[in-house]
Amino acid sequence: MQKKIAIAAAVILLAAAAIYTIIVFTVHDPEKHIAEIRSDGEVIRTIDLRTAPDETFTVEADYGTNVVCIKNGQIYVSEASCPDKICVNHGPLKSEYLPIICVPNKLVIKLK
Ligand SMILES: [Zn+2]
Numbered sequence: 034m035q036k037k038i039a040i041a042a043a044v045i046l047l048a049a050a051a052i053y054t055i056i057v058f059t060v061h062d063p064e065k066h067i068a069e070i071r072s073d074g075e076v077i078r079t080i081d082l083r084t085a086p087d088e089t090f091t092v093e094a095d096y097g098t099n100v101v102c103i104k105n106g107q108i109y110v111s112e113a114s115c116p117d118k119i120c121v122n123h124g125p126l127k128s129e130y131l132p133i134i135c136v137p138n139k140l141v142i143k144l145k
């Protein structure tokens, strides 16, 4: 019986440690501040979000255009020519696992 309790406690501890690790590395990762902008698979700009001044620029591809905004250390797509506007609705880039992707315009903005 005591063995079972010990095993259960070990499993709970391991699970807690795993959850803690996931939270620390995905949500509070201060190392992830370099944004990479790719258009049609090619890196067109790399931006250090800690030091980047506020800026708005347009990424033009053969497929369409995206207006990219950098404000207060955050990067987001403010306007786009694509029909779905998924890239605009994504909002600011926060996690390396959730890149801003505009499929119609072949634009990807991600943290690296
Ligand atoms: Zn889009």
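Each residue of the sequence shown is one higher than the one before, starting from 34 at the first, in my numbering.
Cβ atoms here follow ideal geometry from the backbone N, Cα and C, with glycine treated the same way.
*asked:* Classify Leu-140: buried if its beta carbon has 16 or more other beta carbons within 10 angstroms, exposed otherwise.
replied: buried
Q. Taking the C-alpha atoms as reference points, what is the distance between Ala-68 and Asp-95?
A. 22 Å
Practice item. Return yes when at least one heavy atom of ligand 1 lies under 6 Å from the C-beta of Cys-102, else no. Key: no
**Q.** Minimum length 4: unbroken alpha helix (DSSP H) runs contained in the stretch 82-134
**A.** 119-122
Next item on the list: Can you tell me which of Lys-37, Gly-106 and Ile-142 puts its alpha carbon nearest to the alpha carbon of Val-121?
Entry: Ile-142
Would the beta-carbon of Ala-85 be found less than 6 Å away from any heavy atom of ligand 1? no
Review point. Taking Pro-116 as the reference, which of Gly-97, Ser-128 and Asn-105 has the closest Cα?
Key: Gly-97
Test: Ser-111 CB closer than 7 Å to a CB of chain B: You won't find chain B in this structure, because it holds only one protein chain.
Taking its Cβ as the centre, do 16 or more other Cβ atoms sit within 10 Å of Cys-111, making it buried, or is it exposed?
Here residue 111 turns out to be Ser, not Cys, going by the sequence shown. So Ser-111 ends up on the exposed side.
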